[in-house]
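K.L.:
Quick one: this structure, given as structure tokens, is what I'll be asking you about.
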Amino acid sequence: MRGPSGNGDAPGEWEFAGEWARRARGMLGGFPVEAAERASALIFSCYERGGKVLACGNGGSAMEAQHLAAELVGKFERDRASLPALALHQNPAALTAVANDYGYDDAFAHQVEALGSAGDVLVAISTSGGSENVVRAVLAAKEKGMMTVGYLGGEGGGGRLGSLVDVPVVLRASDTATVQVGHLVLTHTICGLVEEALFPNKAVFLDRDGTLIVNRHYGSDPDGIELLDGVVEGLVELREAGYRLVLVSNQSGVARGYFDEPAVARIHDRLQRMLDLHGAALDGLEYCPHHPEGAVSPYDTECACRKPAPGMLRRAARKHGLNLSASWMVGDIEDDVEAGRRAGARTVLVGSEESRTPPDFRTPDFAAAVRHILDIETVKDRSTSAASISL
Ligand SMILES: [Zn+2]
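Oh and the sequence shown: position 128 is 128 in the UniProt record's numbering, straight run, nothing missing.
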């Protein structure tokens with residue numbers, strides 16, 4: 001390979017390529033762990049209270065703001081409910097309109113004023129700590145009662161922003177590029193910690209008719225509930241293994257006019273009482289009363305919750321703080337498998353129904369499904385402890 005001087009005789013000139021890695025290593029050696037934890041805790045409590053995250057910066061810092069928003073809205077390492085976050089340069093029309101009418105220094109502040117609410121967090125990103133439009137965004141955020149985190153850099157205290165924001169996180173490096181590497185690691189740290197804190201639980205989602213109880217065609221009689229073999233014992237074992245138990249059931253009989261929502265509630269009350277007698281009560285019950293070909297308004301509509309859509313699982317994930325990647329869906333038809341897969345959970349198909357979406361496991365009955373889930377958990381625990389020993 002020819003060197004930068006173009007003469008090809010001086011491969012040593014390429015040695016500078018390693019310099020960026022050396023700088024990054026030096027900076028990461030002093031990574032501000034405690035400040036990153038405080039920033040994560042602030043964002044965690046913002047989300048716990050129903051708030052959102054706004055982020056802003058210029059150039060590479062704009063990309064970091066967008067990166068943070070993307071990981072929060074989508075997912076970082078685990079499937080879970082979406083978290084509201086927005087990078088303030090993501091609307092070029094608003095950005096250029098405000099910049100044109102009021103000047104670029106106010107481009108972010110106006111958006112904070114428009115979009116921010118008390119209790120939200122503004123993440124202000126500036127490697128120098130002095131970008132005027134980011135400083136003004138922080139001042140606007142304070143005015144609105146928002147909390148502020150600074151992604152900062154340099155050898156000092158993070159410049160003007162260092163003394164303005166509630167939590168300054170200063171990456172120690174003298175050059176912009178190396179500070180930006182630290183900001184990337186900071187984004188991953190925050191997303192990982194927030195995700196773990198907000199979504200610590202695992203669940204088994206359970207189809208109702210044909211999986212937990214005998215399937216009676218659009219049955220609505222509480223006295224007609226008959227638990228399938230092995231269900232009570234299986235649910236107790238899953239609960240003891242730390243799983244939340246969440247029913248997810250399509251009840252299109254409501255939309256079709258066969259029974260009403262109070263009738264569904266009566267069935268679910270009875271089911272809960274039957275399970276509770278054995279210490280197997282469910283932690284959540286979700287059902288979908290809709291069907292696009294139904295006859296009863298307002299249920300006669302398409303919806304996001306009717307399986308195979310994952311809406312009921314995602315709703316439960318928000319309510320119960322679920323890590324969907326560590327959760328399972330157990331059901332007896334393809335729609336159950338599809339809903340579980342779309343939510344990011346692993347799936348078990350019980351019984352003999354065909355499924356074009358292949359489940360992770362197929363078992364003849366509920367007891368075998370429970371065995372599979374618990375066996376896999378045991379294998380995972382064993383490999384985790386082996387890994388920690390080898391470390
Ligand atoms: Zn629905």
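Glycine included, C-beta positions come from ideal geometry on N, C-alpha and C.
1) Considering only the beta carbon of each residue, do Arg315 and Glu286 sit closer than 8 Å?
2) Could you name each continuous alpha helix (DSSP H) segment of 4 residues or more that falls completely within the segment 67-123, going from the start of the chain to the end?
3) Could you have a look at Lys202 and say whether DSSP puts it in helix, strand or coil?
4) Taking its Cβ as the centre, do 16 or more other Cβ atoms sit within 10 Å of Tyr151, making it buried, or is it exposed?
5) Look up Gly129 in the DSSP assignment and say whether it is helix, strand or coil.
6) Is Ala304 helix, strand or coil when you go by DSSP?
7) Buried or exposed for Glu168, please, with buried defined as at least 16 other CB atoms from any protein chain shown within 10 angstroms of its CB.
8) Would you decide whether Pro310 is buried or exposed? Buried here means 16 or more other CB atoms lie within 10 Å of its CB.
9) Can you tell me which of the three DSSP states Tyr299 falls into?
10) Which one of Gln272, Gly351, Val379, Val248 has the shortest CA to CA distance from Met329?
11) Please classify Gly331: does DSSP put it in a helix, a strand, or coil?
12) Checking 8 Å against the spacing of the C-beta atoms, do Arg239 and Ala265 come in under that value?
13) Per DSSP, which residues does Tyr151 bridge with? Please list them.
14) Would you call Asn133 buried or exposed, if buried means 16 or more other Cβ atoms sit within 10 Å of its Cβ?
15) What separation, rounded to the nearest whole angstrom, lies between the Cα atoms of Arg273 and Asp221?
16) Thinking C-beta only, is Ala94 closer than 8 Å to Gln111?
17) Using only the alpha-carbon positions, how far apart do Asp207 and Ser61 sit?
18) Candidates Val204, Gly192, Gly219: which alpha carbon is nearest Val231's?
19) Does the segment 246-260 come close enough to the segment 296-303 that 3 or more CB-CB pairs lie under 8 Å?
20) Taking Gly59 as the reference, which of Leu186, Ser128, Leu349 has the closest Cα?
21) Whole angstroms is fine: what's the gap from Gly219's alpha carbon to Pro308's?
22) Given this structure, state the Cα-to-Cα distance separating Thr176 from Ile125, to the nearest angstrom.
23) Can you name the residues that DSSP bridges to Asp209?
24) Going by DSSP in three states, Ser388 sits in which element: helix, strand or coil?
25) Hey, is Arg306 close to ligand 1, as in C-beta under 7 Å from one of its heavy atoms?
26) Taking 7 Å as the line, does the beta carbon of Arg290 fall inside it for any heavy atom of ligand 1?
27) Look at the alpha carbon of His278 and the alpha carbon of Leu227, and state the distance between them as a whole number of angstroms.
28) Tell me whether Cys46 counts as near ligand 1, meaning its Cβ is closer than 7 Å to at least one heavy atom of that ligand.
29) Among Ala369, Gly321, Arg38, whose alpha-carbon lies nearest the alpha-carbon of Leu198?
P.N.:
So, from the listed chains and residues:
1) Yes, the Cβ-Cβ distance between Arg315 and Glu286 is below 8 Å.
2) 92-102, 107-115
3) DSSP, reduced to helix, strand and coil, places Lys202 within a strand of the structure shown.
4) buried
5) Look at Gly129 here: in three-state DSSP terms it is coil, with no helix or strand label.
6) coil
7) Here residue 168 turns out to be Pro, not Glu, going by the sequence shown. Pro168 should be labelled buried.
8) Classification of Pro310: buried, given that the 10 Å Cβ count is 16 or more.
9) It is coil, neither helix nor strand.
10) Val248
11) strand
12) no
13) Partner(s): Ile125, Val169.
14) buried
15) Taking the straight line joining both Cα atoms gives about 15 Å.
16) yes
17) Asp207 and Ser61: Cα-Cα distance of roughly 46 Å.
18) Val204
19) Under the 8 Å Cβ criterion, the segment 296-303 counts as touching the segment 246-260, having at least three qualifying pairs.
20) Ser128
21) 21 Å
22) 12 Å
23) Ile213
24) Its pLDDT being 37, under 50, Ser388 is placed unreliably in this model, and the value from its coordinates should be taken loosely. In this structure, Ser388 counts as helix in the three-state DSSP scheme.
25) yes
26) For the sequence presented, residue 290 should be read as His rather than Arg. Yes; taking the cut-off as 7 Å, the Cβ of His290 has a heavy atom of ligand 1 nearer than that.
27) 12 Å
28) no
29) Nearest option by C-alpha distance: Gly321.
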